[in-house]
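A short worksheet on the structure shown next.
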């Protein structure tokens with residue numbers, strides 16, 4: 001029977017270098033040191049026979065350990081220094097490290113690179129290896145990773161975006177042989193894969209899997225929609241059975257919904273593989289869409305091994321008119337996403353990912369582009385279940401053997417996820433649209449199509465204003481992805497490609513890159529903050545600029561993006577850069593800016609104002625939102641005492657009132673309406689009116705000084721909870737300008753991380769104290785009991 005055992009607990013971590021173990025050994029499993037059991041741990045440093053003991057003592061005057069050192073260069077290190085600390089994975093060690101003003105690390109979040117070591121021991125039952133294989137799984141380690149187990153070097157993993165597995169069946173220790181000693185070196189000094197914050201360490205789950213000798217190869221299991229009509233779906237199931245044991249008679253069984261199929265019986269010899277295929281016809285299938293994310297489960301059984309796999313029934317296509325889901329035209333309301341979050345860096349749990357998806361769904365998002373790396377299992381699982389289409393993106397346009405191997409692993413391990421609609425082979429590669437790029441693209445596309453029969457293949461390209469592309473390169477793609485086709489700095493590139501290649505499907509794969517800081521309504525370079533009304537800082541030019549200069553406010557403003565989409569529906573939709581703010585890439589500022597400001601929400605998931613602009617376009621439930629807040633401090637009041645007001649709504653008319661005085665009703669155009677009014681402390685009210693008589697309103701009031709904190713449970717997951725802290729005055733009104741220090745305590749759980757969304761907060765890491773930013777902060781905690789309390793006071 002297949003079993004999985006979590007190894008997330010009880011790790012020891014050492015920040016910084018230690019004496020690195022050797023990788024080449026003179027004798028088997030004899031490297032010793034921290035790669036083997038220590039004296040206080042069960043088991044010998046090196047397992048030796050009676051003859052081995054005799055010889056080792058003979059050459060070292062009776063001292064077996066000295067004999068090992070002399071014969072095999074065995075490291076006789078026998079203790080761990082006090083610098084080793086106990087941790088739990090997922091773990092991102094950079095989160096706790098101080099920010100530093102190092103220009104070389106500005107784009108990666110202003111955290112220094114170094115080496116770290118992880119060590120863990122585990123025991124296995126005496127007879128576990130009999131009739132089983134034992135597999136060690138690492139879902140993700142950020143940094144160049146080297147692995148040692150039981151005195152031997154296991155191997156290396158290069159990319160932080162690819163899982164690593166080791167079959168340790170023969171080399172593991174069982175029963176009285178002692179404990180298994182696992183040592184991992186993680187080095188982030190060898191180079192960065194991205195120009196954003198990537199974190200460091202074992203940032204995803206680790207587990208041990210025990211599978212029968214006769215078992216299903218899970219990477220080979222592939223379930224896909226072969227044919228779909230209005231009445232039925234034909235689903236094909238492919239998989240391979242492996243036999244590492246004695247000769248067996250094998251008859252796999254597959255169950256989907258209410259159908260069970262017994263496949264033809266085969267005799268499998270030792271070390272033989274056998275491929276199987278089965279076809280199911282499902283009447284009146286429940287289709288998967290973002291609005292109705294229906295999932296089916298297939299159960300595959302072979303002997304003592306059973307694997308269950310969820311999948312969705314749906315089809316994808318794309319032509320010169322746009323994207324089609326289940327043969328229906330479907331507009332993509334997408335965002336681009338990296339994989340970090342406030343307080344925890346890249347060590348995201350399933351609950352945190354679910355929370356992020358919940359926020360994006362509220363805005364009307366129906367698609368995510370995993371940029372610029374393979375999507376995590378946690379993200380794909382959430383998107384399957386909650387209903388989000390995914391572009392799963394390859395890291396680099398390279399055909400080196402290890403990059404191709406990583407691509408194969410990515411496709412095999414994620415192709416059963418219902419949410420994946422596209423594979424992207426690259427992002428903005430400078431070799432794209434060259435003959436070299438075409439040769440590499442052909443190899444990668446061929447690799448993907450050999451493994452997957454459903455998805456569309458794209459590449460996200462940063463093109464030139466002249467629209468110069470390479471026809472051979474384009475021929476590899478189902479769809480040409482174009483980044484920022486709406487932006488002035490891109491000129492008419494996309495239009496010219498459309499004219500020259502009218503049969504080439506085109507798709508917007510990255511849009512906007514609009515600067516904004518949550519709760520900020522005037523630019524302030526001293527605080528590294530950008531106005532939500534539109535910053536005068538530029539993507540490409542230094543200092544404050546004039547409104548019409550290149551890149552001012554970002555690559556393109558949200559209104560420009562949506563206007564372009566309306567006029568160019570054949571581009572499929574949009575993929576906003578970005579959904580969430582992320583650490584690193586702090587344009588348009590330098591240190592102490594430490595995070596981006598492109599998101600429609602901040603690093604905590606707190607909404608910025610333009611969240612509501614997109615929500616007005618993409619959702620139908622009536623609402624209205626107004627900016628700015630109504631405290632004089634922080635407002636951009638002109639010499640005449642006037643202030644700009646902007647409201648977003650999906651209704652047709654809106655009226656602005658200040659302290660009961662109306663400043664007129666206006667037509668809501670492009671989901672937006674503006675006024676300029678004299679500032680007067682008190683109440684700002686916007687009333688929105690629908691064409692069918694419906695009304696809805698929102699109010700901002702001038703607050704008093706801070707009096708208390710409100711704690712609100714934002715998300716209650718399986719293992720974690722997320723809380724917001726909000727500053728209130730004595731009348732329980734939000735104080736949107738509060739940046740005071742807060743002390744947090746928790747019972748029934750423990751804090752995993754704190755955040756505030758401030759793109760220039762370089763405070764020392766703490767799990768008990770944080771500064772509010774514009775009235776808010778976030779608490780992420782792990783549940784230890786069923787009763788949780790969170791207390792926050794001003795510190």
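Residue numbers (full-length UniProt numbering): 1 to 795.
We treat Cβ as the ideally placed atom computed from N, Cα and C, and that holds for glycine.
So, is residue i buried or exposed, given that buried needs 16 or more other C-beta atoms within 10 angstroms?
| i | result |
| --- | --- |
| residue 339 | buried |
| residue 775 | buried |
| residue 769 | exposed |
| residue 198 | buried |
| residue 547 | exposed |
| residue 402 | exposed |
| residue 1 | exposed |
| residue 499 | exposed |
| residue 588 | buried |
| residue 4 | exposed |
| residue 468 | exposed |
| residue 110 | buried |
| residue 660 | exposed |
| residue 10 | exposed |
| residue 608 | buried |
| residue 79 | exposed |
| residue 411 | buried |
Helix, strand or coil: how does DSSP classify residue i here?
| i | result |
| --- | --- |
| residue 93 | helix |
| residue 215 | strand |
| residue 617 | helix |
| residue 253 | strand |
| residue 267 | strand |
| residue 570 | helix |
| residue 677 | strand |
| residue 383 | helix |
| residue 120 | strand |
| residue 7 | coil |
| residue 630 | coil |
| residue 518 | coil |
| residue 412 | helix |
| residue 79 | coil |
| residue 560 | helix |
| residue 455 | coil |
| residue 70 | helix |
| residue 651 | coil |
| residue 180 | strand |
| residue 789 | strand |
| residue 314 | coil |
| residue 173 | coil |
Can you give the beta carbon distance from residue i to residue j, rounded, assuming they're within the 8 angstroms contact cut?
| i | j | result |
| --- | --- | --- |
| residue 386 | residue 293 | 6 angstroms |
| residue 282 | residue 237 | About 12 angstroms; that fails the 8 angstroms criterion. |
| residue 391 | residue 370 | 7 angstroms |
| residue 92 | residue 212 | Going by Cβ atoms, the distance from residue 92 to residue 212 rounds to 35 angstroms, so no, they are not a contact pair. |
| residue 250 | residue 265 | 7 angstroms |
| residue 649 | residue 668 | 5 angstroms |
| residue 478 | residue 456 | 4 angstroms |
Given residue i, which residues of its chain have a CB within under 6 angstroms of its CB, disregarding the five upstream and five downstream residues?
| i | result |
| --- | --- |
| residue 122 | 180 |
| residue 113 | 188, 189 |
| residue 25 | 31 |
| residue 710 | 726, 728 |
Cutting at 8 angstroms between CB atoms, please list the residues of its own chain near residue i, excluding the five before and the five after it.
| i | result |
| --- | --- |
| residue 217 | 239, 240, 241, 242, 273 |
| residue 771 | 739, 740, 741, 742, 756, 758, 761, 763, 777 |
| residue 677 | 642, 643, 645, 656, 658, 663 |
| residue 620 | 650 |
Identify, in the order they occur along the chain, each residue of the same chain with its Cβ nearer than 7 angstroms to the Cβ of residue i, setting aside the five sequence neighbours on each side.
| i | result |
| --- | --- |
| residue 724 | 712, 714, 776, 778 |
| residue 611 | 363, 600, 601 |
### Task
Specify whether the region 346 to 356 and the region 254 to 262 touch according to this definition: at least 3 beta carbon pairs, one from each stretch, less than 8 angstroms apart.
no
### Query
Touch check for the region 65 to 74 and the region 105 to 118: three-plus C-beta pairs under 8 angstroms?
Contact fails: fewer than three Cβ-Cβ distances are below 8 angstroms.
### Query
Would you call the region 145 to 160 and the region 216 to 225 in contact, with 3 or more CB pairs under 8 angstroms?
no
### the region 51 to 61 / the region 168 to 179 touching (three or more Cβ pairs under 8 angstroms)
No: the two stretches stay apart, fewer than three of their Cβ pairs being nearer than 8 angstroms.
#### Entry: Touch test, the region 521 to 536 against the region 619 to 636, Cβ-Cβ under 8 angstroms, three pairs minimum
yes
### Query
Touch check for the region 488 to 499 and the region 324 to 332: three-plus C-beta pairs under 8 angstroms?
In short, these stretches do not touch, since the Cβ pair count stays below three.
#### Entry: Contact the region 561 to 568 vs the region 355 to 367: 3+ CB pairs below 8 angstroms
no
### Message
Contact between the region 619 to 629 and the region 498 to 515 is defined here as three or more beta-carbon pairs at a separation below 8 angstroms; is this criterion met?
### Response
no
#### Entry: Segment contact flag, the region 574 to 586 with the region 718 to 738, C-beta cutoff 8 angstroms, min 3 pairs
Result no; under three Cβ-Cβ pairs closer than 8 angstroms.
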